[in-house]
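Note sheet for the following structure.
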């Protein structure tokens, strides 16, 4: 058998050796991965992570105590009940007009009796103080809604500007379209730089430059998004079928026309996919950049968290979850409708 | 049909950077209005020769003249103005509509801003419709994606697109290689008819020798980058064919 296998060039199929699925190189790869995992575990405290999580899981089943559950529970209990209404002291509201109250709101008056020493008679005297509060039953929820809308618009504008900026970047950093190697290198460099700086970091700087508020958020998302889209648009342009491009070039069409008529129709579905992904990601990132003062719901969340207003934090978290869920549904539907 | 060379190859040679010599001094000329078929085994230089006509391939020696104009980087816009091309795999964008693909054929004549905004001139749209009707497509095909058409219909669109700029020369690189025999007949018949009606010179490479004999006025055969036969289609007999293809097979082995 073995002689026949070595000598005969045409072998019976029953003697063929099907290649092994796990070969030496593949095995070496797995061993290397295992070595890296073990060597790097201490630097991320993997041991403590597994121990504490294990304790928490055990405590959940047996009803015992665990540090993780205690910590989470302490915060979790303070999140509820969610803060829905808004109650403000009338005297602190600027330009308050009692004849024109906001819709669905009412004024509550609270009387507080305090005993005070009258400095003239030197006798204790009861005084009644009346404090008026403006109570809006769904006031805080409405406020969160406004902030969420602002966050959505930050994400939308960030994506819009990212698409606009990435279009020329992609044109110059696609090998088959770029007019010169210098511009190609430059565009690639800019794209890498934009992608290398995380939104949170650029937002820190932009907040200093533009002040607190949505402008910093929009620009931070736009810069990172432009880097991301520039790279992926360019890679798709490079991977597009060259035959229609050549056919168009043969008619004497310039690069922009080749892009519009031979490349764009090919890559459009992927472009829409990437852009929707960036929009989706930007909504979540718009919340995060808000934490450093770049507007939207994130800024509100940070403020409430720092003031220990955990009921408000609870409302914000629930509203954010609901919005992300809604966006997922809408974007899934949009994708299905398009393809 | 005026006499005299319309497309002329003068010692056309092409050596690729890898060292492969695709064309080794090919010289012949084609008078205006002639349907000239190029035959020869794969790798004999047919495509390279055709691509040299509109400058998709740059010759390393010799020259190609189109209507008296030598093909070079400087003359490329004028040359491409005169030469329409049909491709083996049609060169159409499958995802785009037939209408968009037709416009693409004439987009070189449309101002860039108009092309990008989709404001195509009325004359251009009318021309696209007229040509599609001529090649046998129906109005409902206009909005359809190319991927929804049959192979024969796609090549009809490909030819109609090549005629969008009223070329003097139609270059076709194996236009029927991916079509079934019936569609091949129809497409070649269409090419011959359109070329006659417009006095267009056709240079068409073909693998099917019987089609070359039936549709071409003249057959030029290449082997190993050299011209090995040039004569009227009727003169290209079985013996010539087996000589050209058999010899090539030996040289490959």
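Residue numbers (the working numbering), protein chains in the order written: chain A, 229 to 567; chain B, -19 to 233. Glycine included, each C-beta is placed from N, C-alpha and C at the ideal position.
Indicate the three-state DSSP secondary structure (helix, strand or coil) for residue i in the structure shown.
i	result
residue 464 (chain A)	helix
residue 233 (chain B)	Only weak support is given to the placement of residue 233 (chain B): the predicted model assigns it a pLDDT of 32, under 50, and the question is left unresolved by the model.
residue 203 (chain B)	strand
residue 381 (chain A)	helix
residue 90 (chain B)	coil
residue 563 (chain A)	helix
residue 233 (chain A)	Here residue 233 (chain A) scores only 48 on pLDDT, less than 50, and its place in the model should not be relied on; the value that follows carries that caveat. Looking at residue 233 (chain A) - three-state DSSP - the assignment turns out to be helix.
residue 228 (chain B)	Because residue 228 (chain B) carries a pLDDT of 44, less than 50, the predicted location of this residue cannot be relied on, and the following value inherits that uncertainty. If DSSP states are grouped into helix, strand and coil, residue 228 (chain B) belongs with the helices.
residue 362 (chain A)	strand
residue 425 (chain A)	coil
residue 241 (chain A)	helix
residue -19 (chain B)	Interpretation of residue -19 (chain B) is limited by its pLDDT of 44, a score under 50 that renders its predicted location unreliable; no figure is taken from the coordinates.
residue 479 (chain A)	coil
residue 151 (chain B)	strand
residue 553 (chain A)	helix
residue 430 (chain A)	helix
residue 170 (chain B)	helix
residue 280 (chain A)	helix
residue 403 (chain A)	coil
residue 128 (chain B)	helix
residue 37 (chain B)	coil
residue 11 (chain B)	strand
residue 322 (chain A)	coil
residue 348 (chain A)	coil
residue 506 (chain A)	helix
residue 52 (chain B)	coil
residue 535 (chain A)	coil
residue -8 (chain B)	strand
residue 110 (chain B)	helix
residue 67 (chain B)	coil
Since residue i meets chain B, which of its residues come closer than 7 Å, beta carbon to beta carbon?
i	result
residue 488 (chain A)	95, 96
Given that residue i touches chain A, what residues does it touch there, using C-beta distances under 9 Å?
i	result
residue 72 (chain B)	471, 472, 475
residue 57 (chain B)	480
residue 80 (chain B)	489, 493
residue 88 (chain B)	476, 479, 480, 481, 482, 485
residue 110 (chain B)	Chain A residues near residue 110 (chain B): none, gap ~18 Å exceeds 9 Å.
Residue i touches chain B at which residues, Cβ-Cβ below 9 Å?
i	result
residue 247 (chain A)	The premise fails here: residue 247 (chain A) is roughly 31 Å from chain B at the closest Cβ pair, so nothing lies under 9 Å.
residue 494 (chain A)	73, 74, 75, 76
List, in chain order, every chain A residue whose beta-carbon is nearer than 7 Å to that of residue i.
i	result
residue 69 (chain B)	471
residue 61 (chain B)	480
residue 213 (chain B)	Going along chain A, no residue has its Cβ under 7 Å from residue 213 (chain B), so there is no contact; the nearest lies around 27 Å.
residue 171 (chain B)	By Cβ distance, chain A contributes nothing, its closest Cβ being about 16 Å from residue 171 (chain B), past 7 Å.
Between the Cα of residue i and the Cα atoms of the options, which residue gives the shortest distance?
i	options	result
residue -11 (chain B)	B:26, B:0, B:-2	B:26
residue 426 (chain A)	A:456, A:466, A:311	A:456
residue 394 (chain A)	A:320, A:412, A:460	A:460
residue 501 (chain A)	A:565, A:513, A:283	A:565
residue 386 (chain A)	A:376, A:442, A:423	A:442
residue 312 (chain A)	A:285, A:373, A:292, A:250	A:373
residue 436 (chain A)	A:485, A:521, A:494	A:521
residue 172 (chain B)	B:116, B:0, B:13	B:13
residue 511 (chain A)	A:465, A:274, A:402, A:384	A:384
residue 380 (chain A)	A:323, A:555, A:254, A:561	A:555
residue 335 (chain A)	A:352, A:548, A:316, A:349	A:316
residue 527 (chain A)	A:464, A:490, A:375	A:375
Show which residues of chain A have a CB atom less than 8 Å away from the CB atom of residue i.
i	result
residue 92 (chain B)	482, 484, 485
residue 48 (chain B)	Those do not exist, as residue 48 (chain B) stays about 19 Å from chain A at its closest Cβ, beyond 8 Å.
residue 85 (chain B)	479
At least one CB of chain D closer than 8 Å to the CB of residue i: is that the case?
i	result
residue 273 (chain A)	The chain labelled as chain D is not found among the protein chains of the depicted structure, namely A and B.
* Asked: Is the segment 81 to 97 of chain B touching the segment 466 to 480 of chain A, taking contact as three or more C-beta pairs under 8 Å?
  -> The answer is yes - the segment 466 to 480 of chain A touches the segment 81 to 97 of chain B, with three or more Cβ pairs under 8 Å.
* To do: Could you tell me whether the segment 27 to 47 of chain B touches the segment 127 to 139 of chain B, where touching means 3 or more Cβ pairs closer than 8 Å?
  => Not touching, per the Cβ criterion.
* May I ask you to list, following chain order, the residues of the segment 474 to 485 of chain A that have a beta carbon less than 9 Å from some beta carbon of chain B? => Among the residues of the segment 474 to 485 of chain A, those with a Cβ less than 9 Å away from any Cβ of chain B are 474, 475, 476, 477, 478, 479, 480, 481, 482, 484, 485, in the order of the chain.
* To do: Give a yes or no on contact between the segment 447 to 458 of chain A and the segment 530 to 541 of chain A, applying the rule of three or more CB pairs nearer than 8 Å.
  => Output reads no: the segment 530 to 541 of chain A does not touch the segment 447 to 458 of chain A.
* **Stretch-stretch touch, CB-based, cutoff 8 Å, three pairs: the segment 89 to 105 of chain B with the segment 157 to 164 of chain B** => The segment 89 to 105 of chain B is not in contact with the segment 157 to 164 of chain B.
* Mind listing which residues of the segment 17 to 37 of chain B have their C-beta closer than 9 Å to chain A's C-betas, in chain order? -> Within the segment 17 to 37 of chain B, the residues whose Cβ lies closer than 9 Å to some Cβ of chain A are 31, 34, 35, 36, listed in chain order.
* To do: Taking 8 Å as the threshold, find out whether the segment 353 to 371 of chain A comes into contact with the segment 417 to 432 of chain A through three or more Cβ pairs.
  => No: the two stretches stay apart, fewer than three of their Cβ pairs being nearer than 8 Å.
* Asked: Within the chosen definition, does the segment 185 to 196 of chain B reach the segment 18 to 25 of chain B through at least 3 CB pairs nearer than 8 Å?
  -> Between the segment 185 to 196 of chain B and the segment 18 to 25 of chain B there are three or more inter-stretch CB-CB distances shorter than 8 Å, so the stretches are counted as touching.
* Of all the residues that make up the segment 135 to 155 of chain B, which are near chain A by a beta-carbon distance shorter than 7 Å? -> Across the segment 135 to 155 of chain B, CB contacts with chain A closer than 7 Å involve 145, in sequence order along the chain.
* Is the segment 382 to 394 of chain A in contact with the segment 496 to 511 of chain A, if contact means three or more CB pairs nearer than 8 Å? -> Segments in contact, yes.
* Asked: Between the segment 119 to 130 of chain B and chain A, which residues of the former have a C-beta closer than 7 Å to a C-beta of the latter?
  -> Correct list: empty, as no residue qualifies.
* Would the segment 464 to 471 of chain A and the segment 411 to 418 of chain A be scored as touching if the rule is three or more Cβ pairs under 8 Å? -> Judged by Cβ distances under 8 Å, the segment 464 to 471 of chain A makes no contact with the segment 411 to 418 of chain A, as fewer than three pairs qualify.
* To do: Indicate whether the contact test is met: 3 or more Cβ pairs, each with one atom in the segment 189 to 199 of chain B and one in the segment 30 to 42 of chain B, closer than 8 Å.
  => The segment 189 to 199 of chain B and the segment 30 to 42 of chain B do not touch, with fewer than 3 CB-CB distances between them shorter than 8 Å.
* Mind the definition here: the segment 65 to 73 of chain B touches the segment 135 to 152 of chain B only if three or more C-beta pairs lie below 8 Å; say whether that holds. => Result yes; three or more Cβ-Cβ pairs closer than 8 Å.
* Asked: When the Cβ atoms of the segment -9 to 4 of chain B are set against those of the segment 195 to 205 of chain B, are three or more pairs found closer than 8 Å?
  -> The segment -9 to 4 of chain B makes contact with the segment 195 to 205 of chain B, as at least three CB pairs between them are under 8 Å.
* Asked: How do the segment 396 to 403 of chain A and the segment 349 to 368 of chain A stand: do at least 3 beta-carbon pairs fall below 8 Å, yes or no?
  -> Not touching, per the Cβ criterion.
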